[in-house]
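If you read the protein sequences in the order shown, they are chains E, S and L. Each residue of the first sequence is one higher than the one before, counting from 1420 in the working numbering. Each residue of the second sequence is one higher than the one before, counting from 511 in the working numbering. Each residue of the third sequence is one higher than the one before, counting from 1259 in the working numbering. Glycine included, C-beta positions come from ideal geometry on N, C-alpha and C. Structure, as structure tokens:
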Amino acid sequence: MAEKVLKKGNEVIALGAIHCGCDGYFGYPITPQSEVMETLMEEKPWETTGMVVLQAESEIASINMVYGGACCGKKVMTSSSSPGMSLMCEGLSYLAGSELPCLTANIVRGGPGLGTIQPSQGDYFQAVKGGGHGDYKIIVLAPFSAQEMYDFVGLGFDLAFKYRIPVMLLTDGMIGQMMEKVELRPQQARLSDQEIAQRYGSWATTGKTPDRKENTITSLALDAKVHEALNHKLQAKYQEITEKEVRFETLFCEDAEYLLIAYGSMARICESTIEAARAQGIKLGLLRPITLFPFPTKEIQRMIPQLKGILSVELSAGQMVEDIRLAVEGKIPVSLFGRQGGMLPTPVEVLDAFKTNYI
Amino acid sequence: MASKGAIVVDTEKCKGCSVCVVNCPTKTIALAKEVNGKGYNYAYMATLDTCIGCTNCATVCPDTCITVYRVKV
Amino acid sequence: MDIKDIIKPENIVYQKTKVLTNNVMHYCPGCSHGTVHKLIAEVVDEMGIQEKTIGISPVGCAVFAYNYMHIDWQQAAHGRAPALATATKRLYPDKYVFTYQGDGDLASIGTAEIMHACNRGENIVVIFINNAIYGMTGGQMAPTTLIGMKTSTTPYGRQADLNGYPLKITELIAQLEGTCFVTRQSVQTAAAARKTKKAIRKAFENSGQNKGTSFVEVVSTCNSGWKLTPVQSNTWMEENMFPFYPLGDIKDR
């Protein structure tokens, strides 16, 4: 029987990393995500799996260590929170431009600036629209429980290597700090250097052996034609991901006349809102995007004929709502209920906001 | 025992920087009046009997376009 | 003796190492980068570590270093090469990992990364090219630009009150416990280049023995940026750079 533990979301990111055979974690302390590195240091995986764990001098160094490790074909990751993730965006752009796999976790806090350490979803744009410079995307997973925090580490690495793309877990301190029961998976062995050379030697810096040409990892392409071709290649990859990797969950959507769309911590609150609405005879459903990029655009579009309106519920001034509106193309009303600064609405407040807009 | 040497310059790679010229202890090397495909006056053995094969020129050549030969005489 | 009798394969005493590619370098005529690239390639060849060597190229003129050596390369964001090298060496402890960085990359934007990589004693080799100018972007002031030196952003010469002082970062690096070998060399003469090669070899050997960080500064020229001929640049370097950046080992343990 699988082992079950009672742990914080941040702590099980660390356990998820160890258990899925992660090769390296490079991080820098910032609230509310410091438990990730603290747990790793306590677990000492370098003595068991051989995983490297290093506290870097900054978020900039952390993401560039991830860049170096990813160049090597290794499973490497970092985690941070909003201000730190802003610093990492340059590195993410390089990782995306160089088509490298890696995992990051942004345990979002309120911004702009130093903001607050309270939960927020104000980094949605930064995560799903790129964040750094240039035309690029990363896969964004939005866990809404400690179990998903744990599971999505392995899933994130699988997607990262499948598409050679950075993957981000986008969540907040509510999920990160909350203790929940988590079912653990068996320890997966790390790949040996030989296995990495066999699997990824066609592109990774595993050392130039006589049987292959030297590998260079770079995002630089000064020739306009070459660079446009690289961009086309990236866009084709993002298109494929959009077609194949959309993940979402629905609740009471079969007969829903109205729809709440919420992810992460807000989706948990909205689950209770749906129950309260149903008790009052309101046919309200919930769509919970699990991937924010790729966004469940097609599922929203599929539901439009049965819907009278959508409410985007966010811990922001309205970011995901823009993607919903792009999906809906003005065919039905789309409204926003957003709270900021770490102010978490109650399920009833969400229901009241829904009623104000639609009833 | 003295040495006699010779150099062969990859004249198409040479950029005519002259660093070999000033590093040659026997003033064997000069820049040609002619230019290569890129328009550089390339280095060449101006005197055929003075080279001692010391490799100084090749050691300082930023473009690694000099091969050095030496025999003992 | 006829020259044809000398130019025979059995008489070769110096030829291009096979670790260097056949690509014509994009550097300006006389640029020190080419010489240092060659010395690194020769050391890698002579130590027989081509399969185990991973280079990290910077942002700046040497960004294209990866075009010139038959080894695996990572190309870092500006200043971040030591971070890439840190992870690479820790994930592949049996590999030889070196960064190749200019003065803007290492001593300005990347100051934090180089200081901390050296302070952690990462078992990497750092090759630091100090030509006191930003070459690639068109000759702007670098942290190592000398007082009075004209650049495109100090058109009247660097002034301490306006621009601060030239940074002797190598002396700072030598203070760090993590470094085992810190030296300053040059490549303008054959003797100097041979000494630099010895220093690079020692640095790579240190890396193999996990002795800590080895740091080799090469005081270099940028004749295009300095607006001098290559030979004039070397003379200018000897007369102006060497008094402020004296050559020799600063630390060796």
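Query                                                                                                                                                                     : Result
Report the partner residues of L:Gly1360 according to the DSSP bridge assignment.                                                                                         : L:Ile1387
Do E:Gly1492 and E:Thr1625 come within 8 Å of each other at the CB atom, strictly closer than that value?                                                                 : yes
Answer yes or no: does any C-beta atom of chain S fall closer than 8 Å to that of L:Pro1316?                                                                              : no
Can you tell me whether S:Ala516 is helix, strand or coil according to DSSP?                                                                                              : strand
Here's the rule I'm using: 16 or more other beta-carbon atoms within 10 Å means buried, otherwise exposed. How should E:Gln1545 be labelled?                              : buried
Name the chain L residues that come within less than 9 Å of E:Leu1603, Cβ to Cβ?                                                                                          : Those do not exist, as E:Leu1603 stays about 25 Å from chain L at its closest Cβ, beyond 9 Å.
Which residue's Cα is closest to the Cα of S:Met574: L:Thr1279, L:Leu1486, L:Leu1349?                                                                                     : It is Thr, not Met, that sits at residue 574 of chain S in the sequence shown. With distances taken between Cα atoms, S:Thr574 lies closest to L:Thr1279.
What residue range is occupied by the uninterrupted alpha helix (DSSP H) comprising E:Leu1770?                                                                            : 1766-1777
With a threshold of 8 Å between beta carbons, is L:Arg1338 in contact with chain E?                                                                                       : yes
Could you please give the first and the last residue of the uninterrupted beta strand (DSSP E) stretch that includes E:Arg1528?                                           : 1521-1529
With a cut-off of 8 Å, does the C-beta of L:Gln1273 fall near any C-beta of chain S?                                                                                      : yes
Taking 8 Å as the limit between beta carbons, can you name the residues of its chain near E:His1646, skipping five residues before and five after?                        : Ala1640
Mapping the DSSP letters down to three states, classify E:Tyr1657 as helix, strand or coil.                                                                               : helix
Restricting to Cα atoms, I'd like to know which of L:Gln1398, L:Thr1402, L:Ile1427 is closest to L:Tyr1414.                                                               : L:Gln1398
Ordered along the chain, which non-local residues of its own chain (more than five positions away) have a Cβ less than 8 Å from that of E:Ile1751?                        : Ile1723, Leu1726, Lys1727, Gly1728, Ile1729
Counting pairs of Cβ atoms below 8 Å between the stretch 1587-1603 of chain E and the stretch 1652-1667 of chain E, do you hit three or more?                             : no
Report back the beta-carbon spacing between L:Tyr1326 and L:Met1283 to the nearest angstrom; my notes put them in contact at under 8 Å.                                   : 6 Å
Tell me which residues share the same chain as L:Arg1348 and place their Cβ nearer than 6 Å to its Cβ, disregarding the 5 neighbours each side in the sequence.           : none
Would you tell me roughly how many angstroms separate the C-alpha atoms of S:Ala553 and L:Gly1288, rounded to the nearest one?                                            : 12 Å
Taking buried to mean at least 16 other C-beta atoms within 10 Å of its own C-beta, is L:Thr1471 buried or exposed?                                                       : buried
Assuming the contact rule is C-beta atoms closer than 8 Å, E:Met1484 and L:Thr1344 should be a hit. Round their C-beta distance to whole Å, please.                       : 6 Å
So which residues on chain E does L:Leu1208 lean against when the C-beta distance must stay under 8 Å?                                                                    : Because chain L spans 1259 through 1511 in this model, residue 1208 of chain L falls outside it and cannot be assessed.
My assumption, with CB atoms under 8 Å, is that E:Leu1519 sits in contact with E:Met1496. Please give the rounded CB distance.                                            : No, E:Leu1519 and E:Met1496 are not in contact; Cβ-Cβ is about 12 Å, not under 8 Å.
Please return the same chain residues whose Cβ sits closer than 6 Å to the Cβ of E:Ser1684, not counting the five positions on each side in sequence.                     : Pro1538, Asp1591, Met1593, Ile1594
Can you confirm whether L:Ser1482, when its beta carbon is compared against all beta carbons of chain S, has any partner nearer than 8 Å?                                 : no
Examine the ligand HEM and report whether any of its heavy atoms sits within less than 7 Å of the Cβ of L:His1295.                                                        : Absence of the ligand HEM from the depicted structure is noted, as is the absence of any ligand whatsoever, leaving it without description.
Can you list the residues of chain L that S:Leu541 reaches, using a CB-CB cut of under 9 Å?                                                                               : Those do not exist, as S:Leu541 stays about 11 Å from chain L at its closest Cβ, beyond 9 Å.
Can you name the residues of chain E whose CB is closer than 7 Å to the CB of L:Ile1329?                                                                                  : Lys1627, Glu1633
Taking DSSP's pairing of strands, which residues face S:Val545 in a bridge?                                                                                               : S:Asn551
Comparing C-alpha positions only, which one of L:Leu1404, L:Arg1416, L:Ile1391, L:Ala1451 sits nearest to L:Gly1483?                                                      : L:Ile1391
Counting only beta-carbon separations shorter than 8 Å, does S:Gly549 have a partner in chain L?                                                                          : no
Enumerate, from N- to C-terminal direction, the unbroken alpha helix (DSSP H) stretches of 4 or more residues contained entirely within the stretch 1391-1457 of chain L. : 1418-1421, 1427-1432
Opposite E:Pro1708 in the DSSP bridges: which residues?                                                                                                                   : E:Phe1667
Look at S:Thr538 and S:Thr557 and say whether their C-beta atoms are less than 8 Å apart.                                                                                 : yes
Within 8 Å, do at least three Cβ pairs link the stretch 1460-1478 of chain L to the stretch 1432-1441 of chain L?                                                         : yes
Measure the C-alpha to C-alpha separation of L:Val1321 and L:Ala1448 and round it to an integer number of angstroms.                                                      : 26 Å
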